[in-house]
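Number of protein chains: 2
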Amino acid sequence: MSSFSVGSRDMEAIALGGAFMGTGGGGDPYIGKLMAQAAITEHGPVTVIDVDDIADDALCVPVCMMGAPTVMLEKLPNGQEAHQALQKLEAYLGRRADVLVCIEAGGLNSTIPFAVAAATGLPLVDGDGMGRAFPELQMVSFTMFDIPATPMVIADEKGNSSVINAISNRWTERLARCQTVEMGGAALVALYPMSGAQLKRGLLRRTVSLLKEIGETIACERKANRNPADTLTSRLNGRKLFTGRVVDIDRRTVGGFARGKATFKGMDASIGKTFTVDFQNEFLVASDENGALLATTPDLICALDADGGLPVTTEQLRYGLAVTMLGIPCAGFWATDAGIELVGPGYFGYEHAYVPLRQLT
Amino acid sequence: MSSFSVGSRDMEAIALGGAFMGTGGGGDPYIGKLMAQAAITEHGPVTVIDVDDIADDALCVPVCMMGAPTVMLEKLPNGQEAHQALQKLEAYLGRRADVLVCIEAGGLNSTIPFAVAAATGLPLVDGDGMGRAFPELQMVSFTMFDIPATPMVIADEKGNSSVINAISNRWTERLARCQTVEMGGAALVALYPMSGAQLKRGLLRRTVSLLKEIGETIACERKANRNPADTLTSRLNGRKLFTGRVVDIDRRTVGGFARGKATFKGMDASIGKTFTVDFQNEFLVASDENGALLATTPDLICALDADGGLPVTTEQLRYGLAVTMLGIPCAGFWATDAGIELVGPGYFGYEHAYVPLRQLT
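Chains as they are written, first to last, in our numbering: chain A, 169 to 529; chain B, 169 to 529.
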C-alpha cells in the first residue's frame, strides 16, 4: 500500500508540477486547482492510490477537459461539469465508477480530476496516460494497449451532451473534436472507461506523485531564489535547450486547437542566436536558426520563466518574456514504433524523424 | 381505420411523389426506393396507419438520413444503417419502437422509413413533420409543438455512432451536423422519439398518402404524354412560376449542405426573361431578373423536367436542361410567426419577408 492524501495545500504543488509537465499546453492548471481546492474544502482531501491496489474488475474512468487552452481561459468551467460528464457515463454504463484517472500528467487535466475525486469521494490512481500533455484524445498509452476511448461522454456547461461509440480512438477524437468546437471550443469529457486489469497494463505509473515532487522542487528552489531549471533537468535526465526572449509569437485557434510558433532571441550562453518553438496546444518542436532540431515530440519541451522560475504555458508567451526552455526525455513507450506513429513528428505533419533528446546536442 | 398496405410497386409512386415534394432536395428517393423494395421483397409489404389509430403511450420514432444529397449519391447506404440507428436508440431508451415516422414528406427520407418498416415489421404512420423537405433537423412541426429531437442517435456505415442529448432542437442540429460532416457528409439518424399522444399533436397528417397520389398522378400523366405540371398545380392549389433552360449553375458542398444558385433563360410564355432559384439542399427562393420574388420558403418550389415531366432534384440540374418550376403553398402551420421564425427567409439569411404564394403574381 502506498496511498497518500492530497489536501488543499498539496494542490499548489500538483498544479505547479502540472504546469511544468504540461509542456506549455493542456491549459493553465490554475483554474483546475481552484476547482479542486474548493471541492477539497467542501468534501475533504483526495486519496491517491497505487494501481496495484485496484481490483481487476474495478471500473476506472479518466475525466478531463477537451479543447483549446486559450478558450478554456475565457470560458471557465463551473466545477460541476466534469462531474456531470462522469455521471452521464455512469448512467450509460449502468454502473458507478470505482476509481478516477488523470488522462494526462500536465496542464488543467492534472488538476480537474482532483475536483471530481473530492466531490465524489472516489480515489484517484497515481499515474496517467501520457506522462505529459498531448493535444488529441487518442494520444495515450491506453490506445497502445488497445483500450477503447468509448463509450465516451462529452458535455458542455449549457446542458448539451453526447455519448460517442466509435470504431477507433482516432474516430472518437474526430467525433468529439467537432462537437467540442460546436460547444464553444471547450467541453468536459469522461472516456476510456476501463477495468482495473486494463488500467494496470496501460497506466504510466506514479506520475501524480511526480507532479507533486516537481511542484515542490519548483517552490523550494524559488524560495531559495534559484531558478529550478538546473535541479529539474538533473532530476528528470533532461537538459537546457536555450534561454531566450520572445521576439515574435504567431497564435491562432484552428479546428479547436491553439496552434502557433514562437521565436526567441538567445540570451546568456545563447546570445546572438535565434530559436523557434512550434506548438499545437503543447510545445512540439524546438529548433535553432539553421533549422537544426533541439528537441522534438514526443520528448517534452518545457518552459520556465527565466526570471521567476515559474512554468510558462503557450498562452502566457508574450513579446519580451524571457524563458528557459528545457528538453525532458519522454516515457519509454512513446519512443517505440507504435508510440512514434501516434505522437511522433510525422503525425503532426513534420518531415523530420524522431531523434531522441540524448542524441541531439 | 384507414390503414393501407404498401408493396414494391407502390414504392414507385411514393418515390416519384417524394421527388416532387422534396422541392429539389432531400436526396433522390431512387436509392431509398431500391432499399425499400429490397426489404419489402424479403419481409413483405409495409402497413401505413392513421395517427388516430395509434395508442397514446406508443413509442413513435422517425428514422432518416442526414447530410448533403450530393454526398448521399456517392456514398450509398447499405440498407442496414437506418435500422441500426433505430436499434441503438431503442437500446438507449430500453424500449422497442411501436411505430415509425417519416421526418419529411420528400426526397430520400420519404422512402428510407419504408425500408426500416419492412425490415422490422413495424407500421409507418401516414404523415410527416414538414409536408415537404427542409435542410435542418429542427425544421419540423414537432419543434413547434415543443417535442425534443433528443435523445437522438447518429450512426455511420463504418460503425461509429453517438447518442446526443441537447437543450434545444437547434443545438441538436449543431451537434449532429458537425458529426455528419466528420462521418463523410451523410449519416443515418433516429430522433424525436415521441409518444403517440405527442405524435397526434405534432404530425402533419396524410402526407404519405399524398405522396403516393402525386406519384400516381405524375405516372398517369406521363403515360398519356402530358406534362403533369397543370394537373399538379390544380390539385395542390399552386401555380407555374416559369419554364426555362438552365444557363448557369453554381453548386458547392458547404458545412454539410449542398448550396447553390441556378439561373434559367425563360422559354414559352417566359421567353426573353431570366430567372434564378437559390437552394440549400432544397429550393428556397425563386426570383425574376429584376429580383422580384416568384416564390419563397416556406412555400414549396418544385421542379419538373419540361420534356419528360419527371421531378428534378438540385443535383440533377445541368446546363441546358429545360425545367418547369412550380410554386405550391406550404402547410398552414409554416405560415405562422413561429413557423416563419423556424424556416422563413430570415432564417436562411434573406432580407425579404415571407410573402405567401397567392399574393405573388
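Beta carbons: idealized from backbone N, C-alpha and C, even for Gly.
Between A/Ala317 and chain B, is the shortest Cβ-Cβ distance under 8 Å, so that the two count as touching?
no
Option nearest B/Glu350 by Cα separation, candidates B/Ala323, B/Thr442, B/Ala397 and B/Met179
B/Ala323
Is B/Val219 near B/Leu452, with beta carbons less than 8 Å apart?
No, Cβ-Cβ distance for B/Val219 and B/Leu452 is not below 8 Å.
Apart from the five residues on each side of it in sequence, which residues of its chain come closer than 6 Å, Cβ to Cβ, to A/Asp418?
Gly428 and Lys429
Out of B/Ala397, B/Ile271 and B/Leu528, which has the shortest C-alpha to C-alpha gap to B/Leu356?
B/Ile271
Beta-carbon of B/Leu343 versus every beta-carbon of chain A: anything under 8 Å?
Using a Cβ-Cβ cut-off of 8 Å, B/Leu343 counts as an interface residue toward chain A, since at least one Cβ of chain A sits closer than that to its own.
Within this structure, are the beta carbons of B/Val174 and B/Val214 separated by less than 8 Å?
Closer than 8 Å, so yes.
On a Cα-Cα basis, can you pick out the residue from A/Gln484, A/Leu409 and A/Ser438 that is closest to A/Thr464?
A/Leu409
So B/Pro479 is in the beta strand (DSSP E); what residue range does that whole segment cover?
Segment: none, B/Pro479 is in no beta strand (DSSP E) and carries neither H nor E.
Give me the residue from B/Leu359, B/Gln448, B/Arg413 and B/Thr504 with the minimum Cα distance to B/Val267.
Restricting attention to B/Leu359, B/Gln448, B/Arg413 and B/Thr504, the CA atom closest to the CA of B/Val267 is found in B/Leu359.
Beta carbon of B/Thr340, beta carbon of B/Leu305: below 8 Å?
yes
With C-beta atoms as the reference, is A/Asp467 less than 8 Å away from A/Gly500?
no
Excluding the 5 residues flanking A/Ile508 on each side, which residues of the same chain have their C-beta closer than 6 Å to its C-beta?
The answer, listed in chain order, is Tyr522.
Taking the CB atoms as reference points, tell me whether B/Gly200 and B/Ala283 lie closer together than 8 Å.
yes
Determine which residues share a DSSP beta bridge with B/Leu525 and list them.
None; B/Leu525 has no bridge partner.
Distance, B/Asp225 Cα to B/Thr191 Cα:
One Cα belongs to B/Thr191, the other to B/Asp225, and the distance between them is close to 34 Å.
The beta strand (DSSP E) that contains A/Cys270, what's its start and end?
Val267 to Cys270
Of the choices B/Gly424, B/Lys441 and B/Phe425, whose alpha-carbon is the least far from that of B/Phe432?
B/Lys441
Length of the line joining the Cα atoms of A/Lys256 and B/Val216
37 Å
Proximity below 8 Å, CB of A/Thr492 to CB of A/Asn395:
It is a contact, given that the beta carbons lie within the stated cut-off.
Kindly say whether B/Val331, judged by its beta-carbon, lies nearer than 8 Å to any beta-carbon of chain A.
yes
Chain B residues whose Cβ lies nearer than 9 Å to that of A/Gln255:
Going along chain B, no residue has its Cβ under 9 Å from A/Gln255, so there is no contact; the nearest lies around 13 Å.
Contacts of B/Glu325 in chain A (Cβ-Cβ under 8 Å):
Under the 8 Å cutoff, chain A gives no residues; its nearest Cβ is about 11 Å from B/Glu325.
From the DSSP secondary-structure annotation, give me the bridge partner or partners of B/Pro281.
DSSP output for B/Pro281 lists no bridge partner at all.
Quick one: which chain A residues come within Cβ less than 8 Å of B/Leu349?
Reading the sequence as shown, one finds Val at residue 349 of chain B and not Leu. In chain order: Cys346.
Residues near B/Gly295 in its chain [Cβ-Cβ closer than 7 Å; skip 5 each side]
Val219, Leu371, Leu372, Arg373, Arg374, Thr375 and Val376
Quick check on the DSSP output: the alpha helix (DSSP H) that includes A/Asn349 runs from which residue to which?
Checking the sequence, you will find Val at residue 349 of chain A rather than Asn. Its alpha helix (DSSP H) spans residues Asn337 to Glu350.
Give the straight-line distance between the Cα atoms of A/Ser455 and A/Asp446, rounded to the nearest whole angstrom.
Approximately 9 Å, taken between the alpha carbons.
Beta-carbon separation of A/Ser438 and A/Gly459 under 8 Å?
no
Can you tell me the Cα-Cα spacing of B/Glu384 and B/Met179, whole angstroms?
10 Å
Buried or exposed for A/Gln527, please, with buried defined as at least 16 other CB atoms from any protein chain shown within 10 angstroms of its CB.
exposed
Indicate whether at least one CB of chain A lies closer than 8 Å to the CB of B/Ala236.
no
Taking buried to mean at least 16 other C-beta atoms within 10 Å of its own C-beta, is B/Glu519 buried or exposed?
exposed
Would you say A/Ala541 reaches chain B, if we count a Cβ-Cβ gap shorter than 8 Å as a contact?
The structure shown has nothing for residue 541 of chain A, since chain A only spans 169 to 529.
Across the segment 285-304 of chain A and the segment 318-335 of chain A, are there enough close Cβ pairs to call them in contact, namely three or more that are closer than 8 Å?
no
Taking 8 Å as the CB-CB cut-off, is A/Trp339 touching chain D?
Note that chain D does not occur in the displayed structure, where the protein chains are A and B.
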